[in-house]
Amino acid sequence: MATKQRSLILDIVKNMDGHLTADDIFILAREKMPGIALATVYNNLNTLYGMGEIGKVKIADSADLYDKSPVVHDHLICKCCKSVTDINIPDIHRHIEESLEEPILSYNLSIDYLCKNCRQ
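-13 is the number that our numbering gives to position 4 of the sequence shown; each next residue is one higher, with no gaps.
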């Protein structure tokens, strides 16, 4: 059974543009539920991720970002401004398995680059 807090957090993640940190989600959640605790946000994000309701993007030396799409997809991450963009590389799962000649359970691909704004 979903709590009011979990429902609010899921609603925020599902309706956001882009990818937000737990702290960003906490700030938005407090606007609608002033008494919510940061620990509650973290716990519910971990639960929602574990249930397959939302995605998580791990970036080295940065806070995890939460993604409204739990479907496996890949990301471009700007090394300068840290912006994250979803990308879709068709059949990459199949190509990895064929290359390894082994079945894989999952993968996480993040491609570092410099976005157009940072290149200028």
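Beta carbons are placed, not taken as given, at the ideal position from N, Cα and C, and that holds for glycine. All values reported here derive from a predicted model rather than from experimental measurement.
Assigned with DSSP and collapsed to three states, Gly18 falls in coil, not helix or strand.
Here DSSP, grouped into helix, strand and coil, assigns Asp6 to helix. Between Asn71 and the set Lys39, Leu59, Leu(-7) and Arg102, the nearest pair of CA atoms involves Leu59. Three or more Cβ pairs closer than 8 angstroms define a contact, and the stretch 91 to 102 meets that threshold against the stretch 61 to 68. Counting only runs of at least 3 residues, the stretch 38 to 63 fully encloses the following beta strand (DSSP E) elements, listed from N- to C-terminal order: 38 to 40, 48 to 50 and 57 to 61.
Taking every protein chain shown into account, the CB of Val67 has 16 or more other CB atoms within 10 angstroms, so this residue is buried.
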